[in-house]
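Novice: Counting in my numbering, the final residue of the sequence shown is number 1014, and the numbers go up one at a time with none missing.
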Amino acid sequence: MSGTFQRLQESLSAAKEAASETFNDVTTTNEKILDMWPNKVDQTKSGNRMTTDTGVKIQDTDHWLRVVSDKQEGPALLEDQIAREKIMRFDHERIPERVIHARGTGAHGYFKLHTPIPELSSAGVLNDISRTTPVFVRFSTVLGSRGSADTVRDVRGFAVKFYTDEGNWDIVGNNIPVFFIQDAIKFPDVIHAGKPEPHNEVPQAQSAHNNFWDFQYLHSEATHMFMWTMSDRAIPRSYRMMQGFGVNTYTLINAKGGRSFVKFVWTPELGVHSLVWDEALKLAGQDPDFHRKDLQEAIENRAYPKWKFGIQVVSEADQHKFEFDILDATKLWPEDLIPVQYIGELCLNRNVDEFFAETEQVAFCTSHVIPGIGFSDDPLLQGRNFSYFDTQISRLGVNWQQLPINRPIAACPVMNFHRDGQLNHRIHKGTVNYWPNRFENTPHARHTGDTDAYREFSQNVAGIKERLNAPKFKEHFNQAQLFYNSLSPVEKIHMQAAFAFELDHCDDPIVYKRVCERIAEIDLPLAQAVAKLVGGEIPQKAARQNHGRKAPKLSQTEFAPAAPTIASRRIAMIIADGFEMPTFLAVRTALTAEGALTFVIAPRRHMIKPAGSEAGIMADHHLEGMRSTMFDAVFICPGAQSTITLRENGRAVQWVREAFGHLKTIGALGDAVAFLQEAVMLPGVDLAIDRSSSEVVSSYGVVTGWKANVGLLRSLKIEPSKTA
Ligand code: HDD
């Protein structure tokens, strides 16, 4: 008895210790992290002892128990329960990967409200500005398997789980505000068409194939969405630099029971940025984990990514006032018609401790809402509400909500009569497991008087039961055109190249010909340019008139950060033996002071000696190992001898040339300018520098000067969007 009591005391003090545990050097008050603490296993406190799953200490885990004679191996014995347990556990390590969005990464953080909305919703998380609500966010790609590359052209998932004091609330969104289909019953079709083809399981994580585009043509409702997936939004620079959208129409319900329609938006503080396609393709091979590492690296370096949380609200009275149906997920709500009100902030500030237990086992459901938030009759959302709950059972088992990452925080303990099933971890005390029962002190589901219980909106429903959608769902092209018209000229060129790439990978002429015809319904010159490259008839006339309208905030160039920053950007500093140490140090100090992450790249990963000194700088990587694709900007350090070495190094030349081709900011000083000039072969641009001046010149994103000065460093700031 006293031993048990002592153990209880120990676990209590461990929990208290957890409360002051430092995570990323920040003392955590995150209630979700504290909630999960008792489940954490600190391997450093194992006392160097390994045990079986039943807690028995193991003496040898490297040799299977066997019969041995002096010189000869003998048969292995099945009686070795230590070996059997180890192998058996390994055999069962895998669970089914998510049927879509299998590839992803996640992080913990918090949500903070700054503008309460009591007139719209009674949800505590949307009213109490003193709260800091813990969140877990998982970003993902849609089509690829769990081991596929991060930088493929695809929609990105943006799923947020709020652990509120009233229970868990999930916004399971994407980085694109619309969807391919209007009705959830089409979901298996659109996903089958996009996933690898059934006969050969090719291609992996790509929409560039016959079946995907066949489906897109045959479903004109998908046109708006495929315009987005062919835009730069589908190749983000980072998860930290993309918007998130709840996509579906939800409802907000206030304390009086009044209802409004709502869409949720996340807008990143760092602005919206993309890779260029060639860079994305190369990164997929050179660093398939590029996005996952980027997020982890930023959090480790305390460059915590932040998003503004916005709502777009339509009153009940205005539901039918728009030319589109506000319940149609293939339509967005243009901001000039329905402005976004930003009311809070999301911040990610803690990496997971174990990927599987947290990121892989986290389970989101659109049906997870809390009092004050409800659904709408959006037919896609209604189907999603069924699908997510269902899929978690096959992925994680019926008790998936008990898993540490999925259970609600202590402020809202789970109390009900759901029981049993595989891997139930809860031990209920009491003699009854049904409701109603003869006891007063068991969980009650009261029907009246509860103001904090979940209450559905009392909706008046009338109609005829039919397999049909409302009339406005039939219009499919207006917003596809609105989106295209709203893009910048550079974004339009990128889209043209994206279509040309994708359709070139379709070898069935009927597929690429039809898609070109479809594009002609949106924009004739775009269709002509694509058809000229991919083959088939070149459309001669627009299938329908362009309405010429544009909407704000559809082009990502409109999301420049309020304060441009190089914080958390990766900057390669190229040096070779004989480099100028004072310049190197001055530039590195200035970049680091602004929060950039600098990496020294040299012909070899050894000590690189500066001019006139033996004490050198250790290179972080060599030019073959890390390519320019993995950095945001490049600085080439001056030095007479180092410049000669770099000029003669083909990889160095290609490195800088490629960085220039990918529109990266490149800086060079002193004699390194000559190397840069040769490498980028910029016709007509004179990078010649005035040696008497400390000014820098900047053209085409290339910044050069004779001496290091503040102007150069400022110029190195990354532009909001690549525009060349
Ligand atoms: Fe979905 C996963 C986003 C339509 C069925 N979906 C999933 C994830 C995201 C989205 C971000 C990954 C969650 C995670 O990180 O674990 N899905 C969307 C959006 C949609 C959408 C923004 C359109 C508005 N989804 C959609 C429909 C259905 C599904 C119409 C089914 C009828 N989605 C699923 C799923 C997944 C899923 C099969 C796979 C893994 C999971 O749920 O947990 O149930």
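Idealized CB from N, CA, C, for every residue including glycine.
#1: Please state the DSSP three-state secondary structure of A439.
#2: How would you call W503, buried or exposed, if buried means at least 16 neighbouring beta carbons within 10 angstroms?
#3: Which complete alpha helix (DSSP H) runs does the stretch 446-514 hold, if anything under 4 residues is left out?
#4: If you compare alpha carbons, which of F645, H581, R917 is closest to R446?
#5: Measure the alpha-carbon distance for F469 versus P478 and round it to whole angstroms.
#6: Between the Cα of D444 and the Cα atoms of W518, A413, R374, Q506, which residue gives the shortest distance?
#7: Counting C-beta neighbours from all protein chains within 10 Å, is the total for P854 16 or more, i.e. buried, or is it exposed?
#8: Between which two residues does the alpha helix (DSSP H) harbouring G868 extend?
#9: Among M378, W690, K831, A942, which residue has its Cα nearest to the Cα of R808?
#10: Counting along the chain, where does the beta strand (DSSP E) carrying N727 start and finish?
#11: Under 6 Å Cβ to Cβ from Q692, same chain only, skipping five residues before and after it: list those, please.
#12: Please report how far the alpha carbon of R393 lies from the alpha carbon of G995, in whole angstroms.
#13: Excluding five sequence neighbours on each side, which residues of the same chain lie with their C-beta closer than 6 Å to the C-beta of L823?
#14: Would you report the Cα separation of E756 and D618, rounded to the nearest angstrom?
#15: Mapping DSSP to helix, strand and coil, what is V346?
#16: Assess contact between the stretch 891-906 and the stretch 866-873, defined as three or more Cβ pairs (one per stretch) separated by less than 8 Å. Is contact present?
#17: So, helix, strand or coil for W996, using DSSP?
#18: From the DSSP output, in three-state form, read off A819 for me.
#19: Relative to the C-alpha of T351, which residue among V450, L368, I372 is closest?
#20: Among G345, G396, A969, G951, which one has its Cα closest to the Cα of E938?
#21: How is R428 classed by DSSP in three states: helix, strand or coil?
#22: For S677, is the beta carbon positioned less than 8 Å from some heavy atom of ligand 1?
#23: Since G915 and K954 are thought to touch, with beta carbons under 8 Å apart, how far apart are those beta carbons, to the nearest angstrom?
#24: Using 8 Å for Cβ pairs, my map puts T441 next to L565. What's the rounded Cβ distance?
#25: Using the three-state DSSP reduction, which class does V537 fall into: helix, strand or coil?
#26: If we ignore side chains and look at the alpha-carbon of each, how far apart do P408 and E387 end up?
#27: Is L713 helix, strand or coil when you go by DSSP?
#28: Could you tell me the alpha carbon to alpha carbon distance between S510 and N329, rounded to whole angstroms?
#29: Is the closest heavy atom of ligand 1 to the C-beta of D680 under 8 Å?
#30: I'd like to confirm something about G711: is its beta-carbon nearer than 8 Å to some heavy atom of ligand 1, or not?
#31: Hey, would you say the C-beta of H581 is under 8 Å away from at least one heavy atom of ligand 1?
#32: Along the chain, which unbroken stretches of the alpha helix (DSSP H) at least 4 residues long are found entirely within the stretch 539-627?
#33: For a minimum of 3 consecutive residues, which ranges assigned as the beta strand (DSSP E) are wholly contained in the stretch 338-410?
#34: Quick one: does the C-beta of R523 sit closer than 8 Å to a heavy atom of ligand 1?
#35: Just tell me which of Q944, H911, A866, A909 has its CA closest to the CA of Q1015.
#36: Leaving out five residues on either side along the sequence, give the residues of the same chain with a beta carbon under 7 Å from the beta carbon of E1009.
Specialist: According to the structure shown:
#1: coil
#2: buried
#3: 477-484, 500-508
#4: H581
#5: 14 Å
#6: W518
#7: exposed
#8: It is not in any alpha helix (DSSP H) - G868 carries neither H nor E in the DSSP assignment.
#9: K831
#10: Here N727 belongs to no beta strand (DSSP E), and DSSP marks it neither H nor E.
#11: H715
#12: 44 Å
#13: A790
#14: 17 Å
#15: coil
#16: yes
#17: coil
#18: helix
#19: I372
#20: A969
#21: strand
#22: yes
#23: Rounded, the Cβ-Cβ distance is 18 Å, inconsistent with contact.
#24: 6 Å
#25: coil
#26: 40 Å
#27: coil
#28: 49 Å
#29: yes
#30: no
#31: no
#32: 567-576, 580-590
#33: 394-403
#34: no
#35: Examination of residue 1015 is not possible in this model, given that the chain is present from 291 through 1014 alone.
#36: Annotation note: pLDDT 41 at E1009 (below 50); position unreliable, no value reported.
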